[in-house]
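Asks: Chains as they are written, first to last, in this note's numbering: chain R, 1 to 430; chain V, 431 to 757.
#1: Which same chain residues end up closer than 6 Å to residue 1 of chain R when comparing Cβ atoms and leaving out the 5 residues on each side of it in sequence?
#2: Any C-beta of chain V sitting closer than 8 Å to the C-beta of residue 1 of chain R?
#3: List, in order along the chain, the chain R residues whose C-beta lies closer than 9 Å to that of residue 620 of chain V?
#4: Residue 438 of chain V: buried (16+ other C-beta within 10 angstroms of its C-beta) or exposed?
#5: Please work out which residues of its chain come closer than 7 Å, Cβ to Cβ, to residue 146 of chain R, disregarding the five sequence neighbours upstream and downstream, and give them in chain order.
#6: Would you say residue 468 of chain V lies against chain R (beta-carbon separation less than 8 Å)?
#7: Determine the DSSP secondary structure at residue 548 of chain V, reduced to helix, strand or coil.
#8: Would residue 567 of chain V count as contacting chain R if we go by Cβ distances under 8 Å?
#9: Answer with yes or no whether the minimum CB distance from residue 295 of chain R to chain V is below 8 Å.
#10: Three or more C-beta pairs closer than 8 Å, one from the segment 353-365 of chain R and one from the segment 563-570 of chain V: is that the case here?
#11: Grouping DSSP H, G and I as helix and E and B as strand, with all else coil, what is residue 388 of chain R?
#12: Are there 16 or more other CB atoms within 10 angstroms of the CB of residue 42 of chain R, so buried, or fewer, so exposed?
#13: Name the chain R residues whose beta carbon is nearer than 9 Å to that of residue 439 of chain V?
#14: Check the Cβ-Cβ distances between residue 277 of chain R and every residue of chain V, and say whether any is below 8 Å.
#15: Roughly how far, in whole angstroms, is the beta-carbon of residue 473 of chain V from the beta-carbon of residue 542 of chain V, given that I think they are within contact range, below 8 Å?
#16: From which residue to which residue does the beta strand (DSSP E) around residue 465 of chain V run?
#17: Can you give the Cα-Cα distance for residue 475 of chain V and residue 441 of chain V, rounded to whole angstroms?
#18: Please classify residue 656 of chain V: does DSSP put it in a helix, a strand, or coil?
#19: For the segment 211-235 of chain R, which residues have a CB atom closer than 8 Å to at least one CB atom of chain V, in sequence order?
#20: Interface residues of chain R around residue 611 of chain V at Cβ under 9 Å?
#21: Applying a beta-carbon distance threshold of less than 8 Å, which residues of chain V neighbour residue 318 of chain R?
#22: Shorter than 7 Å, the distance from the beta carbon of residue 337 of chain R to the closest heavy atom of the ligand HEM, or not?
#23: Are residue 579 of chain V and residue 568 of chain V touching if we call contact CB-CB under 8 Å?
#24: Report the option in V:704, V:737, V:733 whose CA atom is closest to the CA atom of residue 727 of chain V.
#25: Would residue 323 of chain R pass as an interface residue toward chain V - the criterion being a Cβ-Cβ separation below 8 Å?
#26: Between the Cα of residue 646 of chain V and the Cα atoms of V:670, V:619, V:672, which residue gives the shortest distance?
#27: Of all the options R:222, R:198, R:205, which has the alpha carbon lying nearest to the alpha carbon of residue 281 of chain R?
#28: CA-CA distance, residue 371 of chain R and residue 450 of chain V?
#29: Kindly indicate which three-state DSSP category residue 266 of chain R falls into: helix, strand or coil?
#30: Could you check what DSSP says for residue 30 of chain R in three-state terms: helix, strand or coil?
#31: Identify the continuous alpha helix (DSSP H) that holds residue 490 of chain V and give its terminal residues.
#32: Which ranges would you report for the alpha helix (DSSP H) in the segment 81-120 of chain R if only whole runs of at least 4 residues count?
#33: Verify whether the separation of the beta carbon atoms of residue 127 of chain R and residue 59 of chain R is less than 8 Å.
#34: Among all the DSSP beta bridges, which residues are the ones paired with residue 429 of chain R?
#35: Which ranges does the beta strand (DSSP E) cover as unbroken runs of at least 3 residues, wholly within the segment 125-177 of chain R, from first to last along the chain?
#36: Going by beta-carbon coordinates alone, are residue 310 of chain R and residue 347 of chain R separated by less than 8 Å?
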């Protein structure tokens, strides 16, 4: 149940940072009926049922995450909907897109309905499923996109599964564009990437790891952009990893191609050097690349070439990481690290907080085409309250997610969520 | 970030594991080669045994088959009087679904003192070394494309034996560097020992990206690359790589990169020819060269036993201060 009835909440004395209004100023938020009633000025006759003292805290729109794997159905031993919804709330995330690479994959309306119903019953963050682009993510037959849209899917994606056949990709884009659906694609040529586990460069050479060159990404982007131009399809590129990829997106944009893209939070802070001596925590998809790639991704997110940063949250159990690097399952937990790592990126880039937060609120909301990421009166009262100065250490016990594996284990991060509200209701508080 | 040095060499310079030649200090390499010198004479005795590792259990754990390498380790361990247990794990545990670490922990529970590990995945021995009990040593006997440190060290021994000084040498490594753990181990050891010029020679399909960042000079023309070399190391070309997208044919490879007397004539007159074995005659190397007077391929095998004895003896004694390092 959304809405919170007629319950009235006042968040008092916060530093309100709302990228959608380019606002960073102290004030109070008045919530009624699950929506923002007003900022700063008490609406007539407003008597709060609950008052939240927020001195010293930042109040911003709840975070919007473009990729969080909740692992249900099929991978409950890695994580459950309960654990990962709690992790999202603990990370200040109030809207999240979940990729279809579950088991079975989200290629049938019934599965999507089951997932959204289960999520709704947990009364936490809002879930926006991405439906499968092809049946079984196999890249052969198109999934029932219109049916999946009716079931609640906001886009179509085959996750990390390769799209082995350009002809199928062309038809998928053509079909999706018939209905104006957005197709999500992870740009990677499956042939050039085959067998690779690390960026082709000095580190992979030194460690003797099978490599994936940046050209695997640029070839895919070139193909996608060409197919967009003849189909008119809308495409979102998931997880850019290379400087050359960012440059190609910028060039396509300059030509008027309506393409959007995102980057995973890890790729803003890490590079292939961090693999050290086979640290499986750094086994990620796409691979961590050169420091120069990392710098360009950071810059691309700052200059708007990259639309948003996401957690790329992928809970992986210890058994799947305690194996040789090349056999380790790719992925890392991320929901609870998204906010502090986004702040860290913004800090290093010298951005004001309102711009750092835009990359995890308003901008991803725009990619998804959802009404979120704003504190304007009338908007849903999805709010993240955090302490911007609180330092905390990333330890398994500090994470609500069932996935405890991350390259950031042991590191100290600054910025900790204190309370998360969805439709004016507190879904997490410390 | 984790560093090799802390995992395989203790703060006092003692060897804890042997995982890679990368980051292995020159002093440690020299100590291994000096110790091997003494073991060469053991192998020439009537009774080829010393009691250094008596009572120790050494497990040969091969997740990837290799009769030859396993045998050399077995001989080395037996000459040190250790008990050797050979496990061909590729054919048992992992196919039953047991994880690598479970396998190792099970063997550790059988009171192993040392693991000699070969695995198809780069980094597998590092993983094991991080999870064994203190005092248990891991020797990397080849992991993926990453490292084969005892091979690299026996090659250093061989070069030192014939050339004495490393600091004025030009060494060429020829062939499939991309897939070669041997080449990587040689390059790191040669650089550490002060070899001023290490060259790699091969077609672009068989040289890894940014290989020059390892400190080598890259040549694609064999005639040019071999000129004035003191040492020519030929790498083995795996059968499955001879005909495909990396190379058109074994014949064309031999024509361009095979070592013939004619090509060898461009190296220094006293240049030595090495090969880690097993050789493909007529692919990497022409028979007259393999069997010629500049070839030190068989001495490499002999020295390999002594070098592996040295590594095991040092690991045995560095872990147990009561044992002596020398015979």
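The beta-carbon is built from N, C-alpha and C at its ideal position, and this holds for glycine as well.
Since we're looking at a predicted model, the values are computed, not measured.
Replies: Per the coordinate set shown:
#1: Here residue 1 of chain R corresponds to residue number 1 of the first chain, with the count starting at 1. Any reading at residue 1 of chain R is ruled out, since the residue's pLDDT is 43, under 50, leaving its predicted position unreliable.
#2: Residue 1 of chain R sits at position 1 when you count from the first residue of the first chain. Bear in mind that the predicted position of residue 1 of chain R carries a pLDDT of just 43, short of 50, making it unreliable; the figure below should be weighed with that in mind. By this cut-off, residue 1 of chain R is not an interface position.
#3: In the second chain, residue 620 of chain V corresponds to position 190, counting from 1. Correct list: empty, because the minimum Cβ distance to chain R is about 15 Å.
#4: Taking the first residue of the second chain as 1, we reach residue 438 of chain V at position 8. So residue 438 of chain V ends up on the buried side.
#5: Taking the first residue of the first chain as position 1, residue 146 of chain R is located at position 146. Within the same chain, and ignoring the five residues on either side of residue 146 of chain R in sequence, the residues whose Cβ sits closer than 7 Å to its Cβ are 179.
#6: As a working mapping, residue 468 of chain V is identified with position 38 in the second chain. Answer no: the Cβ-Cβ gap between residue 468 of chain V and chain R never drops below 8 Å.
#7: Taking the first residue of the second chain as position 1, residue 548 of chain V is located at position 118. DSSP places residue 548 of chain V in strand when its eight states are reduced to three.
#8: Against the second chain, residue 567 of chain V aligns to sequence position 137. Chain R, which has no Cβ nearer than 8 Å to the Cβ of residue 567 of chain V, makes this no.
#9: Taking the first residue of the first chain as position 1, residue 295 of chain R is located at position 295. For residue 295 of chain R, the answer is no, since every Cβ of chain V falls outside 8 Å of its Cβ.
#10: These segments do not touch.
#11: As a first step, residue 388 of chain R must be located in the first chain, where it is residue number 388. Residue state, collapsed to three classes: strand.
#12: Numbered from its first residue, the first chain carries residue 42 of chain R at position 42. Burial call: exposed.
#13: Here residue 439 of chain V refers to the residue found at position 9 of the second chain. None at all; the shortest Cβ gap to chain R is about 13 Å.
#14: Sequence index remark: in the first chain, residue 277 of chain R carries index 277 (1-based). By this cut-off, residue 277 of chain R is an interface position.
#15: Taking the second chain and counting its residues from 1, the one referred to as residue 473 of chain V is at position 43. Taking the second chain and counting its residues from 1, the one referred to as residue 542 of chain V is at position 112. No, residue 473 of chain V and residue 542 of chain V are not in contact; Cβ-Cβ is about 25 Å, not under 8 Å.
#16: Position 35 of the second chain, counted from the start, is the residue given in the question as residue 465 of chain V. Where residue 465 of chain V is concerned, there is no enclosing beta strand (DSSP E), although the alpha helix (DSSP H) it sits in stretches over 456-474.
#17: Locating residue 475 of chain V in the second chain gives position 45, counting from the first residue. Locating residue 441 of chain V in the second chain gives position 11, counting from the first residue. Their backbone Cα atoms lie some 36 Å apart in a straight line.
#18: For the purposes of this step, residue 656 of chain V is taken as the residue at position 226 of the second chain. Three-state DSSP puts residue 656 of chain V in coil, outside helix and strand.
#19: Against chain V - using a Cβ distance shorter than 8 Å - the residues of the segment 211-235 of chain R are 211, 213.
#20: The residue you call residue 611 of chain V lines up with position 181 of the second chain. Within 9 Å of the CB of residue 611 of chain V, the CB atoms of chain R belong to 208, in sequence order along the chain.
#21: Position 318 of the first chain, counted from the first residue, corresponds to residue 318 of chain R. The contacting residues do not exist; residue 318 of chain R stays about 10 Å from chain V at best.
#22: Absence of the ligand HEM is noted for the structure shown, with no ligands found whatsoever.
#23: Stepping through the second chain from its first residue, residue 579 of chain V is reached at position 149. Stepping through the second chain from its first residue, residue 568 of chain V is reached at position 138. Taking 8 Å as the cut-off, the Cβ atoms of residue 579 of chain V and residue 568 of chain V do not count as close.
#24: Looking up residue 727 of chain V in the second chain gives position 297. Shortest Cα-Cα distance from residue 727 of chain V to any of V:704, V:737, V:733 involves V:704.
#25: Working through the first chain from its first residue, we reach residue 323 of chain R at position 323. Using a Cβ-Cβ cut-off of 8 Å, residue 323 of chain R counts as an interface residue toward chain V, since at least one Cβ of chain V sits closer than that to its own.
#26: If you number the second chain from 1, residue 646 of chain V lands on position 216. Of V:670, V:619, V:672, the residue nearest in Cα terms is V:619.
#27: Mapped onto the first chain, residue 281 of chain R falls at position 281. The option with the nearest alpha carbon to residue 281 of chain R is R:198.
#28: Here residue 371 of chain R is taken as the residue at index 371 of the first chain, counted from 1. Here residue 450 of chain V is taken as the residue at index 20 of the second chain, counted from 1. The alpha-carbon atoms of residue 371 of chain R and residue 450 of chain V are separated by roughly 55 Å.
#29: In the first chain, residue 266 of chain R corresponds to position 266, counting from 1. DSSP places residue 266 of chain R in the helix class (H, G or I) of the three-state scheme.
#30: Counting from one through the first chain, the residue named residue 30 of chain R turns up at place 30. Here residue 30 of chain R carries a strand assignment [DSSP, helix/strand/coil].
#31: Counting from one through the second chain, the residue named residue 490 of chain V turns up at place 60. Per DSSP, residue 490 of chain V lies in no alpha helix (DSSP H) segment; the continuous beta strand (DSSP E) that holds it begins and ends at 487-492.
#32: For the segment 81-120 of chain R, whole alpha helix (DSSP H) runs of length 4 or above, ordered along the chain, are 81-90.
#33: Residue numbering aside, residue 127 of chain R sits at position 127 when the first chain is read from its first letter. Residue numbering aside, residue 59 of chain R sits at position 59 when the first chain is read from its first letter. No Cβ-Cβ contact shorter than 8 Å links residue 127 of chain R with residue 59 of chain R.
#34: Start at 1 with the first residue of the first chain, and residue 429 of chain R comes out as number 429. According to DSSP, which records beta bridges pairwise, residue 429 of chain R is partnered with R:419.
#35: Counting only runs of at least 3 residues, the segment 125-177 of chain R fully encloses the following beta strand (DSSP E) elements, listed from N- to C-terminal order: 126-132, 155-157.
#36: Here residue 310 of chain R refers to the residue found at position 310 when the first chain is read from its first residue. Here residue 347 of chain R refers to the residue found at position 347 when the first chain is read from its first residue. Not closer than 8 Å, so no.
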